[in-house]
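Step one of this worksheet: look at the structure below.
Below is the structure:
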């Protein structure tokens, strides 16, 4: 699947006293990019919850290279590296003017929101994923 990108601007609320993005905010930017990635398939987090489906972070590895600063225009990518019936791994990157600032590998699990047990991806997402040349 091709890489999905979402633009983010760094605001004062994202930074520490020195005007540098606080480390946890990169994870928030990545979460937003994954949520917007879902929208391209006609899915929303609220719609999934209404269908008793929840997407949860199962595992996360993150490497920080350089800081983002106040007023920077960032690009946050979300690209699926692999997936199976109820789990997928995203490679996500935050860049500024094409320069990598942060890389992450995020494992997402699809669960039944009531039982908190793994469940298959919703049909629209399964259809989108089935057309891709990814590891199943």
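In our numbering, the protein residues as written are 44 to 179. Even for Gly, the Cβ is constructed at its ideal location relative to N, Cα and C. Computed from a prediction, not measured in an experiment: that's the story for all the values here.
Where residue i falls: helix, strand or coil (DSSP)
i	result
residue 167	helix
residue 46	coil
residue 57	helix
residue 106	strand
residue 116	strand
residue 158	coil
residue 136	strand
residue 127	coil
residue 76	helix
residue 172	helix
Residue i, buried or exposed, once every other Cβ within 10 Å from all chains shown has been counted against 16
i	result
residue 179	Confidence in residue 179 is poor, its pLDDT being 35 and thus under 50, which makes the residue's placement too unreliable to answer from.
residue 72	buried
residue 169	exposed
residue 147	buried
residue 55	exposed
residue 81	buried
residue 58	buried
residue 144	buried
residue 45	exposed
residue 121	buried
residue 92	exposed
Residue from the options with nearest C-alpha to residue i
i	options	result
residue 172	136, 146, 123	123
residue 76	150, 111, 136, 99	136
residue 66	110, 78, 46, 52	110
residue 12	48, 154, 61	Lying outside 44 to 179, the shown extent of the chain, residue 12 is not represented and no answer is given.
residue 107	48, 68, 159	68
residue 83	49, 118, 160, 130	49
Touch test, the segment 95-112 against the segment 153-169, Cβ-Cβ under 8 Å, three pairs minimum:
yes
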